[in-house]
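Q: Numbering (this note's numbering), first residue to last: 1119 to 1768.
Dropping the structure in here first, questions after.
Put into structure tokens, the structure is as follows:
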């Protein structure tokens, strides 16, 4: 194992293992307990960073294919394999991130057989799935040539041109569709980013940043494994400073001369910078034509983010590539490439998350689990990249990293240093040691029950009467604007007048016949514990007239059997005492749990939706069970873009 890549692999293994632990917790405990996503901000870190930005940085697969197979620029042919590998890993990361994102991961296959051709997401799903298959086919010859199945690899290599053309079509369709996803939110997305040009801006910026990402990967690979073609031994004095000029020599005028590899990388960077320049020009023209310049002068934090996006992602790499001395240096070119990649990620985060926060009325900070999963997926992709470049001819036919033969097992362990040396020189031993240290630590840091702030708390506001008799109620329980105007008296009369109360109000507080729902269901998203043990101890003591220094201790036997552990399982049934003072029905259901009240939204939906579904056919109103029937503030179009979209989809 090359010493330069050993430390990097150790870090990647640690991050990937932390991500694995976080992924297990996400699957086991669900989205609510492990993320900070909500109805207002339904798209979290891994959806935007790993999927939307990840696939954009993987576009070199189809851009290099277009340059080589369509435009016949043979000088870039040696970059076809690494570009395909980047596309394969990038799209693989996006599919893995989507698996973590959907509420029911075991139903990931549904879009394959359950088609919704009117949805942009449906097209994105199929394009990502098919293009991932295309990259797998394109990558297969490089893998198979290292095995005995070389004939299959040669046969697949003959299909390269057709497969590349299909891949170019799929990837271009997919990136424009990703931009089209945000066109359905004209009211919610901030004016600096919402534009009808989003599909075109998405694909042009992805093409430029994707090629810059390939340049960065080539430089990093050279640094780790093959420094001579790029990081050459020549040194030169520039401005009086002696420094290493990677992979280039110096002419008599003191200007670096580029070698063949740097010439190709510089030309590729020029093409990429041209696309970034086109993106910058389109953004400036678009902001001017929409009159969105006013948003830049209002001092809002969105304006600062927009400026950072333009500076880091577009202006800086364009300037660095335009300067010959910087373009001829791998260090300068690496900075330009990294800047372009970071700027594209910032842009996708702005469009996918930050641009919605002002409308949502809440700020989104990803949870530690979200960060761990997102970074872990990228780390796993990095390990896969290093594995492929070390075992397959990715960058050229001779790029398979030479491996040292295994260490002899006859090492004398007369000193502890020999033991540690033998252990740390073995890849398996190093990974095992990292796992032993990292997994328990990640478990402690990420285990959801150890953290009480994973599930957001949204207090429920009581219903407001719209008339003096409260015949009509206004329900806007979380004050997020998705309200319901509920004709309470009309429902009561149609369902049986006073005798119909029990159909909705299943239980009341003691000695109360009209307890509002919000008294028990006090949180919008989470269950509320409503059983007060101390209060019951006091009530039993007063009822039974118990006395003494610790009279409440003598109350245990009134609810729990003597001689047994006092748990909720062996406690007396609540209805033994409250059968007559809490219920609105003559036949209470003893299976109802009175220790916890479910979330307010769950209680409302479980009460209203089944009844509406039953009545839909009877009253010949097929849309009676649709959300906008009760939530009159939502039209069918607004329902797609409103804050309840996440829960409707999940």
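Think of the CB as a built atom: it goes at the ideal place given N, C-alpha and C, for glycine as much as any other residue.
For residue 1359, which of helix, strand or coil comes out of DSSP?
A: Here residue 1359 scores only 34 on pLDDT, less than 50, and its place in the model is too uncertain to base an answer on.
Q: Please go through the same chain and pick out, in chain order, the residues whose beta-carbon is closer than 8 Å to the beta-carbon of residue 1207, but skip the five residues on each side of it.
A: Result list for residue 1207: 1176, 1499, 1502 and 1503, in chain order.
Q: With distances taken from CA atoms, which of 1138, 1642 and 1159 is nearest residue 1480?
A: The shortest Cα separation from residue 1480 among 1138, 1642 and 1159 belongs to 1159.
Q: Alpha helix (DSSP H) containing residue 1593: first to last residue?
A: Unbroken run through residue 1593 is the beta strand (DSSP E), 1591-1593; no alpha helix (DSSP H).
Q: In terms of residues, what are the limits of the beta strand (DSSP E) holding residue 1603?
A: Run containing residue 1603: 1602-1604, per the beta strand (DSSP E) assignment.
Q: In terms of residues, what are the limits of the alpha helix (DSSP H) holding residue 1192?
A: No alpha helix (DSSP H) holds residue 1192; DSSP gives it neither H nor E.
Q: How long is the line joining the alpha carbons of residue 1505 and residue 1751, rounded to whole angstroms?
A: So the alpha carbons of these two residues sit roughly 54 Å apart.
Q: Is residue 1301 near the ligand NAD, with its Cβ less than 6 Å from a heavy atom?
A: The ligand NAD is not part of this structure, which contains no ligands at all.
Q: When you compare the CB of residue 1284 with every CB in chain D, is at least one pair closer than 7 Å?
A: This model lacks chain D altogether; it includes just one protein chain.
Q: Are the region 1453-1460 and the region 1125-1132 touching, with three or more C-beta to C-beta distances below 8 Å?
A: As far as the Cβ criterion goes, the region 1453-1460 does not touch the region 1125-1132, which means the pair count is below three.
Q: On a Cα-Cα basis, can you pick out the residue from 1561, 1599, 1562 and 1564 that is closest to residue 1579?
A: Nearest option by C-alpha distance: 1599.
Q: Which one or two residues does DSSP pair with residue 1431 in a beta bridge?
A: Residue 1431 is not bridged to any residue.
Q: Ignore the nearest five residues each way along the sequence and tell me which others in residue 1305's own chain have a CB closer than 6 Å to its CB.
A: Closer than 6 Å at Cβ, skipping near neighbours: no residue.
Q: Span of the alpha helix (DSSP H) holding residue 1223?
A: No alpha helix (DSSP H) contains residue 1223, which DSSP labels as neither H nor E.
Q: Bridge partners for residue 1402 per DSSP, in chain order?
A: Looking at the DSSP assignment, residue 1402 forms no beta bridge with any residue, so it has no partner.
Q: Tell me whether residue 1715 sits in a helix, a strand or coil according to DSSP, three-state version.
A: Here residue 1715 sits in strand by DSSP.
Q: Going along the chain, which residues of its own chain have a beta-carbon closer than 6 Å to the beta-carbon of residue 1398, five neighbours each way excluded?
A: Around residue 1398: 1432.
Q: Starting from the C-beta of residue 1189, find all residues in its chain whose C-beta is less than 7 Å away, skip the five residues before and the five after it, and write them out in chain order.
A: The answer is none, since no qualifying residue turns up.
Q: What does DSSP give as the partner residues of residue 1099 in its beta bridges?
A: Because residue 1099 is not part of the residues shown, which for the chain are 1119 to 1768, the question remains open.
Q: So, for residue 1152: in the same chain, excluding its five sequence neighbours on each side, which residues have a beta-carbon less than 7 Å away from its beta-carbon?
A: Cβ neighbours of residue 1152 beyond the five flanking positions: 1143, 1144, 1485, 1487, 1566 and 1572.
Q: Please name the residue, chosen from 1166, 1586 and 1636, that lies closest to residue 1595 on a Cα-to-Cα basis.
A: Residue 1595 has its Cα closest to that of 1636, out of 1166, 1586 and 1636.
Q: Out of 1231, 1449, 1201 and 1216, point me to the one whose CA is closest to residue 1328's CA.
A: It is 1201 whose Cα lies nearest to the Cα of residue 1328.
Q: Using a Cβ-Cβ cut-off of 6 Å (strictly less than) and excluding sequence neighbours within five positions of residue 1124, which residues of its own chain qualify?
A: Taken in chain order, the list of residues that qualify is empty.
Q: Is it the case that the region 1300-1314 contacts the region 1220-1235, given that we only count it when at least three CB pairs across the two stretches are under 8 Å?
A: No: fewer than three Cβ pairs fall under 8 Å.
Q: Our contact map puts residue 1715 next to residue 1639 with C-beta atoms below 8 Å; I'd like the distance itself, whole angstroms only.
A: Yes, they are in contact, since the Cβ atoms of residue 1715 and residue 1639 sit about 5 Å apart, within 8 Å.
Q: Here's a check: name, in chain order, each residue in its chain whose Cβ is nearer than 7 Å to the Cβ of residue 1213, leaving out the five neighbours to either side.
A: So the list reads 1246 and 1250, once near-sequence residues are dropped.
Q: With a Cβ-Cβ cutoff of 7 Å, do residue 1163 and residue 1492 count as a contact?
A: A contact, by the Cβ cut-off of 7 Å.
Q: Between which two residues does the alpha helix (DSSP H) carrying residue 1230 extend?
A: Note, residue 1230: alpha helix (DSSP H), 1228-1231.
Q: With residue 1654 as the anchor, note down where its alpha helix (DSSP H) starts and where it stops.
A: First-last of the alpha helix (DSSP H) with residue 1654: 1651-1662.
Q: In chain order, what residues of the same chain have a beta carbon less than 7 Å from the beta carbon of residue 1134, not counting five sequence neighbours either side?
A: Answer for residue 1134: 1494, 1497, 1498 and 1501, listed in chain order.
Q: Should residue 1157 be labelled buried (16 or more other beta-carbon atoms within 10 Å of its own) or exposed?
A: Residue 1157 should be labelled buried.
Q: Looking only at C-alpha atoms, which of 1627, 1628 and 1609 sits nearest to residue 1619?
A: Ranking the options by Cα distance to residue 1619, first place goes to 1609.
Q: Within 10 angstroms of the Cβ of residue 1772, are there 16 or more other Cβ atoms? Answer buried if so, exposed if not.
A: This structure cannot speak to residue 1772, because the chain is shown only from 1119 to 1768.
Q: Quick one: what does DSSP say residue 1641 is sitting in, helix, strand or coil?
A: In this structure, residue 1641 counts as strand in the three-state DSSP scheme.
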